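Below is one structure, written out as structure tokens; comments come after it.
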């Protein structure tokens, strides 16, 4: 869990700016107003990341089906290698539709501070790229505070959906 002081400041970040799959820059402060589900992946990962992306794809469908407004945000944890083109390709592969689901990247100077705010850990291999990394998913309330931290698992879509349904009123205050 992230400390309350850090969590309350997350969406107050003006810089750093990230860029979504359409090339549109955004900051966390621009995301206020609805709950958000945030995760970090590498476009080149062949382990947990494709599974998390597939689960977010299911979550996107479920949210659309029931009419819940919560933004999904997938951020690179490997800005040294993941280009805007890589993130756009991932978004297309998993059917991410804006504004419901953003795939984001940015410069190292913009992505690493966001990773630090979320306590994302990525160890670098001999080639300098992220090889092993944390696989947490964060549920943010409408004011940008972390309401829940979940570990990616086979039940992630059900956990997210259950959290949103159970805590919908609280998440939108």
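Numbering (our numbering), first residue to last: 644 to 816. No residue lacks a Cβ here, since even glycine has one placed at the ideal position from N, Cα and C. Here the structure is a predicted model, which is why all the values come from computation and not from measurement.
Among the options, whose alpha-carbon lies nearest the alpha-carbon of residue i?
| i | options | result |
| --- | --- | --- |
| residue 785 | 663, 714, 804, 699 | 714 |
| residue 669 | 754, 797, 691 | 754 |
| residue 699 | 750, 687, 716 | 716 |
| residue 719 | 704, 682, 738 | 682 |
| residue 804 | 671, 660, 704 | 704 |
| residue 789 | 801, 776, 762 | 762 |
| residue 811 | 748, 710, 741, 776 | 710 |
How is the alpha helix (DSSP H) around residue i delimited, first residue to last?
| i | result |
| --- | --- |
| residue 799 | 799-814 |
Applying the 10 Å Cβ sphere with the 16-neighbour rule, what's the burial state of residue i?
| i | result |
| --- | --- |
| residue 679 | buried |
| residue 665 | exposed |
| residue 695 | buried |
| residue 757 | buried |
| residue 750 | exposed |
| residue 745 | buried |
| residue 776 | buried |
Could you give the residue range of the beta strand (DSSP E) that holds residue i?
| i | result |
| --- | --- |
| residue 793 | 789-794 |
| residue 679 | 679-684 |
| residue 783 | 779-783 |
Under the assumption that residue i contacts residue j (Cβ atoms under 8 Å), give the Cβ distance between them as a whole number of angstroms.
| i | j | result |
| --- | --- | --- |
| residue 795 | residue 677 | Not confirmed; about 22 Å, so no contact. |
| residue 814 | residue 807 | 7 Å |
| residue 747 | residue 662 | 6 Å |
Examine chain B for any beta-carbon lying closer than 7 Å to the beta-carbon of residue i, and answer yes or no.
| i | result |
| --- | --- |
| residue 682 | Absent here is chain B; the protein component of the structure consists of one chain. |
For residue i, verify whether its CB is less than 6 Å away from any heavy atom of the ligand MG.
| i | result |
| --- | --- |
| residue 813 | The ligand content of the structure shown is nil, which means the ligand MG is not present either. |
Task: Runs of beta strand (DSSP E) lying entirely within the stretch 706-770, each at least 3 residues, in chain order - done: 714-719, 744-747, 765-767
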